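Working notes, beginning with the structure itself.
Protein chains: 2
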Amino acid sequence: MDTIRKPPTMADVARRTGVSPMTVSRAFKRDSSVSQETREAVLRAAEELGYVFDSTASNLRSQRTDFIAVTIPSINNANFADTVRALSDGVSERGLQILLGYTNYDVAEEERLIEQLLRRKPEAIVVTGGKHTPRARKLLSNAGIPVIETWDLPEEPIGHVVGFSNALAVREMVDHFVSVGYRKIAFIGGDADRDTRGTDRRAGFIAALVHHGLDTSRLIAAGPPPISMREGADAMRQLLERFPDTEAVICVSDLSAFGALTECQRRGIAVPDRIAIAGFGDYEIGAICVPSLTTINAFASEIGAKTAELILDVLNGKLDQPGRVTIRPDLILRQTSR
Amino acid sequence: MDTIRKPPTMADVARRTGVSPMTVSRAFKRDSSVSQETREAVLRAAEELGYVFDSTASNLRSQRTDFIAVTIPSINNANFADTVRALSDGVSERGLQILLGYTNYDVAEEERLIEQLLRRKPEAIVVTGGKHTPRARKLLSNAGIPVIETWDLPEEPIGHVVGFSNALAVREMVDHFVSVGYRKIAFIGGDADRDTRGTDRRAGFIAALVHHGLDTSRLIAAGPPPISMREGADAMRQLLERFPDTEAVICVSDLSAFGALTECQRRGIAVPDRIAIAGFGDYEIGAICVPSLTTINAFASEIGAKTAELILDVLNGKLDQPGRVTIRPDLILRQTSR
DNA sequence: ACTTGGATTGATATCGATAACATGGATGCA
DNA sequence: TGCATCCATGTTATCGATATCAATCCAAGT
């Protein structure tokens, strides 16, 4: 009797309960009109049969998947993870599920990923950043679903935006550093053509220095992203060799800033007395390391939460204009700077 | 002329190309038999029409979704992120996509999540850990797809396993600590009933101490998971108050170990001279912090890679027995211990 | 010339839930 | 009592790609 029997369908559940398949379908929905006892009978029969709702059929017929597609540069980044978690929590109460993909900081890869994700017919798509290939832009524009660009303030948004100006945020940090007396200020970041947010931050750094009439040559490129702790340490080593009189350094993220800090510790260089360090992103490590890290809070979770709100509003028809949520990053001054 | 026209289907592409829908379908597959020129014509027409392949229909008819469902406790954990990334990379070459959900270290939440994921009809499901609710076990057993439990060695596996013994790994660390002369050894971890891997690690810790005839009372519970840096620092504070003569402490993860280390630094307690510290998981931070962290490498990426291999083998019919891949964690001895 | 076989393409039915419309019975109100 | 409503449920057709079977054509082998 080891016949491979096909898994039960709604029709099977309907037969067992003595109702129509349509009633079974309704019983599995939240707010549809089925009597309490019918619903319980249906669910009991389903449980007894081991029935598992088949959303592939539901998706096709109802033209809804309850997916929210999301692209992030890296799955290993705590900032983006925070955003995704808040986004996921925000939309899950409406039964929406995150379909996540990572681009590895590569716009060509992003294009492929976006195409893949759109085939799954998500209800909306959230992308990290505002720089895309022309084809990716076209795919997003024509997708017929809400598009939300995050972690950036694109000049020509495709649809909605929940983000902040990376350049401006760093600029404010430079302004602060200058105001407390630092003059020889360096920047540690990745290659120009990969990490677009990192590039924006560097642009803000340079613009600020120019504005203050300071030397803009202290730029250390730490290679292709992700720029993490190891790269930060390596970059600090380079910085100390090439510009030993540097007074302060701003890093593209807290991770690289922490790496830079450890390099100073290994070399017995006093932070912040000999050199000040600032990071970006307010990662957990920055608050707890010794000395604690001056940084910029970009409100990663809030980006996710606001994006979720925006998506729900759009899907509820409460918003027909492109939404624009601007986050205002905060300077967090701690022990690695005066 | 602002009529809302429905998005084009394969039938539209077929009409435009002058072939049958079936041929269009074939043109969109990798290895199906279509002539080169037909395929190009089809793809050109599709591009001109802005056609986007609709996988909801494909999923239903072909009974394949190309999803691999994955549950992890937290999306913000670098270890699990490493596993997921390696898994994703491993299966993506076969066109398989990860459908990710997180359980927040809660088996009831895991049950809900597993049910949600199974409705999407994945080709296989990967779960983190070997402890589940009875209903979750039943759902997984009856799903009719490969089930892979990871990051653990369950006594009664549901299907396949790619993992290691958390207890044994910590036991080896204790053995090492005893061999170099530590006697008063403490453990910092989470609450017993949430983080099952953390609980296993603590069990291994206690078993090892018992084996060596040492005091097992130095246990600090840092609250519900995730146990991160802040919790590690708080726990170290408690430990120093309650057991000031402790010689060494093993933490449930590198993050809590780093937090504990920073607490020592803030208090001017010498590590490792006054107290030794060990972590778990070989996170990036452990290799780069000063002093660097003694830890256990659980090979998170390898778990993902092996899981991917196993899934591909099963889906290719190359494996009909339940697979059992045992990872052997490595002790990594660094500066926070002698 | 005839068979065989591979390559390419087409016709038809189908995957399983549900949108849209229809129906019967109960309830409310004048 | 009569008519409008609402609630619970049923009927039918359908979402869009593709599994399956069938047909055509051309080259190769005998």
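Chains as they are written, first to last, in the UniProt record's numbering: chain A, 1 to 338; chain B, 1 to 338. We put the beta carbon where it would ideally sit given N, CA and C, even for glycine. The model shown is predicted, which means the values in this text are computed figures rather than measured ones.
Pick from B:ASP82, B:GLY130, B:VAL91 that is closest to TYR105 (chain B), judged by C-alpha positions: B:GLY130
Using DSSP bridges, identify the partner residues of ILE220 (chain B). B:ILE188
Minimum length 4: unbroken alpha helix (DSSP H) runs contained in the region 209-262 of chain A: 229-242
If the criterion is Cβ atoms closer than 8 Å, does the pair VAL162 (chain B) and THR133 (chain B) meet it? no
Strand pairing of THR65 (chain B), partner residues [DSSP]: Note: THR65 (chain B) sits in no beta bridge, so no partner.
Please identify the residue among A:CYS251, A:ALA221, A:GLU263, A:CYS289 whose C-alpha is closest to the C-alpha of GLU263 (chain B). A:CYS289
For SER228 (chain A), go through chain B and note every residue whose CB falls closer than 7 Å to its CB, in chain order. GLU284
Quick one: which unbroken alpha helix (DSSP H) runs of 4-plus residues sit fully inside the region 125-150 of chain B? Chain order, please. 134-142
From B:ILE227, B:PRO225, B:LEU153, residue whose alpha carbon lies closest to that of ILE327 (chain B): B:LEU153
Residues from the region 50-61 of chain A in contact with chain B, defined by Cβ distance under 8 Å: GLY50, VAL52, PHE53, ASP54, SER55, THR56, ALA57, ASN59, LEU60
Which residues, taken in chain order from the region 142-154 of chain A, show a beta carbon closer than 7 Å to some beta carbon of chain B? ASN142, GLY144
Please name the residues in the region 288-304 of chain A whose beta-carbon is closer than 7 Å to at least one beta-carbon of chain B, in chain order. ILE288, CYS289, VAL290
Looking at PRO225 (chain A): is its Cβ nearer than 8 Å to the Cβ of ASP254 (chain A)? no
Just to confirm, are ARG218 (chain B) and PHE258 (chain B) a CB contact at a threshold of 8 Å? no
Near THR38 (chain A), what residues of its chain come up, given a Cβ to Cβ distance below 7 Å and the 5 sequence neighbours on each side ignored? VAL19, THR23, ALA27
Rounded C-alpha distance that separates ALA276 (chain B) from LEU310 (chain A): 49 Å
Would a check of beta-carbon distances place LEU43 (chain B) closer than 8 Å to chain A? no
Across the region 62-74 of chain B and the region 87-97 of chain B, are there enough close Cβ pairs to call them in contact, namely three or more that are closer than 8 Å? yes
Counting only beta-carbon separations shorter than 8 Å, does GLY259 (chain A) have a partner in chain B? yes
If you reduce the DSSP assignment to three classes, tell me which class ALA207 (chain B) lands in. helix
Residues bridged to GLY163 (chain B) by DSSP? B:THR326
Please classify HIS160 (chain B) as buried or exposed, where buried requires at least 16 neighbouring CB atoms within 10 angstroms. buried
Given 8 Å, three or more beta-carbon pairs between the region 234-249 of chain B and the region 198-206 of chain B: no
Identified DSSP bridge partners for THR295 (chain A): A:ILE332
Closer than 8 Å is the cut-off here; do at least three beta carbon pairs connect the region 291-307 of chain B with the region 322-336 of chain B? yes
Does the beta carbon of ALA46 (chain B) come closer than 8 Å to any beta carbon on chain A? no
Could you confirm whether any beta carbon from chain A is found closer than 8 Å to the beta carbon of ARG85 (chain B)? yes
Beta-carbon separation (whole angstroms), LEU99 (chain A) vs ARG112 (chain A), contact threshold 8 Å: Contact flag wrong, Cβ pair sits at about 15 Å.
Whole-angstrom Cβ separation of ALA260 (chain B) and GLY232 (chain B), contact assumed at under 8 Å? 5 Å
8 Å Cβ cutoff, ILE75 (chain A) in contact with chain B: yes
Amino acids of chain B, ordered along the chain, whose beta-carbon sits closer than 7 Å to that of ALA203 (chain A): The contacting residues do not exist; ALA203 (chain A) stays about 28 Å from chain B at best.
Per DSSP, what kind of secondary structure is MET1 (chain A) in: helix, strand or coil? Confidence at MET1 (chain A) is low in this model, with a pLDDT of 39, below 50, so its placement is unreliable and the value that follows should be read with caution. Three-state result, MET1 (chain A): coil.
Give me the Cα-Cα distance between ALA192 (chain A) and LEU312 (chain B), rounded to the nearest whole angstrom. 37 Å
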